[in-house]
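**Student:**
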């Protein structure tokens, strides 16, 4: 869960409920049924969509929103892939989902209620670092 409180605890309960049939459940701001009472600004939405295109191209992940902080996992799935994680930056989410998928775990993407918080600390410089980290991860 992101530290800025964009997702409520009740949304996390919905994700935990999905773990009955899936190994992981990730919240998505971009699925039909998602509710965004306070959406991100235009620039952040464009950056998000571009990042998603790059993620799809580099890792073959078909999720619409890898960067929403609302995620829940079955312990055994995490224990299997965490020893192989190399990322320490914001691209951690992408690597975790990629390794889960490569290991055969089922990850379900769930529409979520998400509210933009002005306190978010992710900036343009972070986006550049995420991109270079993903390229290193995929090809390095």
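Numbering (our numbering), first residue to last: 103 to 242. Note that CB positions come from ideal geometry on N, CA and C, so glycine has one too. Model, not experiment: these values are computed from the prediction.
State the DSSP-derived secondary structure class of residue 245, mapped to helix, strand or coil.
**Tutor:** Past the edges of the chain, shown from 103 to 242, lies residue 245, and the structure says nothing about it.
**Student:** So what does DSSP say about residue 174, is it helix, strand or coil?
**Tutor:** Translated into the one-based positions of the chain shown, residue 174 becomes position 72. Residue 174 falls in the strand class under three-state DSSP.
**Student:** Evaluate contact between the region 232 to 239 and the region 210 to 219, counting only Cβ atoms and requiring at least three cross-stretch pairs below 8 Å.
**Tutor:** With the cut-off at 8 Å, the region 232 to 239 and the region 210 to 219 do not touch.
**Student:** Count the other CB atoms, across all protein chains shown, that sit within 10 Å of the CB of residue 198; report buried if there are 16 or more and exposed otherwise.
**Tutor:** Counting from 1 along the chain shown, the entry for residue 198 is found at position 96. It counts as buried.
**Student:** Let's see if you can read the secondary structure: which residues bound the beta strand (DSSP E) around residue 136?
**Tutor:** The residue you call residue 136 lines up with position 34 of the chain shown. Careful: residue 136 lies outside any beta strand (DSSP E) and carries neither H nor E.
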